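K.L.:
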Amino acid sequence: MRNRITELFNIKLPIIQAGMIWCSGWELASAVSNAGGLGIIGSGSMYPDILVEHIQKCQSATDQPFAVNIPLLYPDIEKHVENIIRLKVPIVFSSAGNPKTWTSILQKEGIKVVHVVSSARFAGKAQAAGVDAVVAEGFEAGGHNGREETTTLCLIPDVCQAVNIPVIAAGGIASGKAMLAAMALGAEAVQIGSRFVASEESSAHLAFKNKVVDAKEGDTRLSLKTLVPVRLLENEFALRVQQLESEGASNNQLADELGRGRSKRGMFLGEMDEGELEIGQVSALIDNILPAKKIVQNIWTEFLEARNEMMSWRVL
370 MRNRITELFN IKLPIIQAGM IWCSGWELAS AVSNAGGLGI IGSGSMYPDI
420 LVEHIQKCQS ATDQPFAVNI PLLYPDIEKH VENIIRLKVP IVFSSAGNPK
470 TWTSILQKEG IKVVHVVSSA RFAGKAQAAG VDAVVAEGFE AGGHNGREET
520 TTLCLIPDVC QAVNIPVIAA GGIASGKAML AAMALGAEAV QIGSRFVASE
570 ESSAHLAFKN KVVDAKEGDT RLSLKTLVPV RLLENEFALR VQQLESEGAS
620 NNQLADELGR GRSKRGMFLG EMDEGELEIG QVSALIDNIL PAKKIVQNIW
670 TEFLEARNEM MSWRVL
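Residue numbers (my numbering): 370 to 685.
Now the structure itself:
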């Protein structure tokens, strides 16, 4: 498929793997890129030297384009940017901050910049900052989420109407049919996280992958809305947070409960009771762990089959 996104990134398929903390290292990113999509290294959980290692290993594992996701609130972001430029990473996805800060600096080095947004208003600001494309991420998504709680079905057409740059849909997408729906709304690619968490190459702990596979409808909830909205699988930690919120706990109390390293404990170290388990609502539709290449192939095949079926419908 050729459209503005595949041409911008020089990729074959408009399927992008999200840059998830603790789950998307060089193995997953290179596997997705080798399968024809765009793999992303999630740098938010990496020290600068660890990110360098992942970039170099990804460059050795694939000759296809890949990206790095950088949360703009990362405390040592200057080092991340310096290493990304030095190692000639071709694409950066930024999130959680003001895209004005680094976009022009990265673009002067020939790097394409994409920013993640949760509303049409922020999409407009990202376009004004000069980004090459935006990811519009709906309320269904796992991990850190927008305060607006706008679903993907409503968000995508709103963002597409608000900006002229390409839009990538994210949130609740794990199949070719969902991809077709998002692109029918105006998106030119999809970004997928939860489905790739349950991949063989994901760096997530096997216990977390199995927890995702076992998830049922209603097992995730958007929590910590007044502090930093995040969608979590229910466990003892998540239930305790919900109880604190229902009792009117302050942001300081919630921050104390969250503490440091909670997401690493859950997603990377496999503490299923006391760790933070970030995953999207679509986890209820994920029932197996597959190689990343197979996931990409399945999504693309289903997308084509669903598109062909719709084109065969008779219009009365």
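Yeah, the Cβ is synthetic: ideal placement off N, Cα and C, and Gly gets one too. Small disclaimer: the values here were computed from a predicted structure and weren't measured.
1. DSSP on Phe-462, reduced to helix/strand/coil?
2. Tell me the rounded alpha-carbon separation between Ile-668 and Gly-545.
3. So for Arg-634, helix, strand or coil by DSSP?
4. Taking its Cβ as the centre, do 16 or more other Cβ atoms sit within 10 Å of Asp-501, making it buried, or is it exposed?
5. Between His-513 and Gln-476, what straight-line distance do the alpha-carbon atoms span, to the nearest angstrom?
6. Are Ala-505 and Val-482 closer than 9 Å when you measure CB to CB?
7. Tell me the DSSP secondary structure of Thr-589 in three-state form.
8. Could you pull the start and end residues of the beta strand (DSSP E) that Gly-408 belongs to?
9. Rounded to whole angstroms, what's the CA-CA distance from Glu-570 to Leu-522? Just pull it up for me.
10. Among Glu-616, Leu-623, Glu-586 and Gly-507, which has the Cα closest to the Cα of Asp-656?
11. Looking at the strands, I want to know which residues DSSP matches up with Arg-600.
12. If you follow the beta strand (DSSP E) that Val-684 is in, where does it begin and where does it stop?
13. Would the region 588-603 and the region 611-627 be scored as touching if the rule is three or more Cβ pairs under 8 Å?
14. Exposed or buried, what is Asp-588 when buried is set at 16 or more other beta-carbons lying within 10 Å of its beta-carbon?
15. At what residues does the beta strand (DSSP E) containing His-484 begin and finish?
16. Just how far apart, CA to CA, sit Gly-406 and Glu-616?
17. Ala-404 and Gln-666 look like a contact to me (Cβ under 8 Å); what is the Cβ gap, rounded to whole Å?
18. What is the DSSP secondary structure of Glu-605, reduced to helix, strand or coil?
19. Which residues in the same chain as Asp-527 place their Cβ atom closer than 6 Å to its Cβ, once the five residues preceding and following it in sequence are excluded?
20. May I have the straight-line CA-CA distance separating Ile-385 from Ser-402, to the nearest angstrom?
P.N.:
So, from the data block:
1. strand
2. 4 Å
3. helix
4. buried
5. 26 Å
6. no
7. strand
8. 408-411
9. 29 Å
10. Glu-586
11. Gly-512 and Leu-591
12. Taken as a continuous stretch (DSSP letters only), Val-684 belongs to no beta strand (DSSP E), as it is neither H nor E.
13. yes
14. buried
15. 481-486
16. 45 Å
17. 7 Å
18. helix
19. Ala-489
20. 9 Å
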